[in-house]
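A.B. asks: Taking our numbering, the leading residue of the sequence shown gets 1111, the next gets one more, and so forth.
I'd like to ask you about the structure that follows.
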Amino acid sequence: QIKSNDWNTVHIIVKGNRMQHFINGNLMSDVTDNDLNYQRKDGFLGVQVHVGPPMKIEYKNMRIKTI
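Printed below as a string of structure tokens:
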């Protein structure tokens, strides 16, 4: 469950071409990128906000762990 007006915990696991996105411990997305022409295994890390009504987005305690 996503919390409104409170902090949510996001955990992203990327192994090779598989990406798993967890919010508050719940798997929300499990994607395997098999597009050999455009997939990237290096590059920039970014965050995305979708178009819609005005919103406030904050991030804290971001960590990147290479395993």
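Each residue gets a CB set at the ideal place from its N, CA and C atoms; glycine is no exception.
Helix, strand or coil, according to DSSP, for R1128 in the structure here?
C.D. replies: strand
A.B. asks: Can you check the region 1113-1172 for any beta strand (DSSP E) of at least 3 residues that lies completely inside it and give the ranges in chain order?
C.D. replies: Fully enclosed beta strand (DSSP E) runs of 3 or longer: 1120-1125, 1128-1133, 1136-1142.
A.B. asks: Is it a yes or a no for the region 1142-1151 touching the region 1114-1132, going by three-plus beta-carbon pairs under 8 Å?
C.D. replies: yes
A.B. asks: Can you check whether the CB of I1133 is closer than 8 Å to the CB of V1120?
C.D. replies: yes
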